[in-house]
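**Q**
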Amino acid sequence: MKKLPLIIEPDGNGGSILHHRNGRMDHIKESPISYIRTLCLNCGSTLEGRIDAFKEITATLQKACVLVSNATNEIYMPTLSMKNRDCIWILYNPVVKVVSAENGYSRILFTDRTDRTVSVSSHVVKSQVNRCDLFINKIMEFEMEE
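If you count by this note's numbering, then the sequence shown holds residues 9 to 154, one letter each, in order.
1. Quick check on the burial criterion: 16 or more other C-beta atoms within 10 angstroms. Buried or exposed for H35?
2. Inspect the beta-carbon positions of P86 and K105 and report whether they are closer than 8 angstroms.
3. Between I83 and I15, which are expected to be in contact by the criterion C-beta below 8 angstroms, what is the C-beta distance as a whole number of angstroms?
4. State the CB to CB distance for the pair I98 and V74, rounded to an integer number of angstroms; the pair is presumed to be in contact (CB under 8 angstroms).
5. Whether or not the stretch 47-57 and the stretch 134-144 are in contact is what I'm after, with contact meaning three or more pairs of Cβ atoms, one per stretch, closer than 8 angstroms; do they touch?
6. Once DSSP output is grouped into helix, strand and coil, what is the label at V107?
7. Express the C-alpha separation of K11 and T46 in angstroms, rounding to a whole number.
8. Applying the criterion that 16 or more other CB atoms from any shown protein chain within 10 Å of the CB defines a buried residue, is V107 buried or exposed?
Right under this line is the structure:
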């Protein structure tokens, strides 16, 4: 699988802006949720199955994160309800640090030293990171039991 975008942001016209490592951006016609659905299907799963699994394993009812690949454990975290057209999706795995920024936004530092500011509080992003940590730990526990 190719390197996934760090952030998938709605463009306001039904498409998405993909924020890649080192500042590169691409524009696609697919909505963020359609793009993530395609990523899941390319790895042999449905988006709905991934959401159900996350909710079941973490006992989370809202803002379910989506494991797009079992092989790489790459997970996207929504910043709002995925039904919200303003929802931004952040790739969990390369997140190094989340800090508060101006206007209630958060600044995210990624492993490649890319730095992005998103229009959601650092509390929300940190909560999503914690949910992903829990999810990965639970999956690792399941694998060790086998």
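Where is the CB? At the ideal position from N, CA and C, for every residue including glycine.
**A** If we stick to the structure as given:
1. exposed
2. no
3. In fact, because the Cβ distance is near 13 angstroms, the residues do not count as touching under 8 angstroms.
4. No, I98 and V74 are not in contact; Cβ-Cβ is about 11 angstroms, not under 8 angstroms.
5. no
6. strand
7. 15 angstroms
8. Looking at its Cβ environment, which holds fewer than 16 other Cβ atoms inside 10 Å, V107 is exposed.
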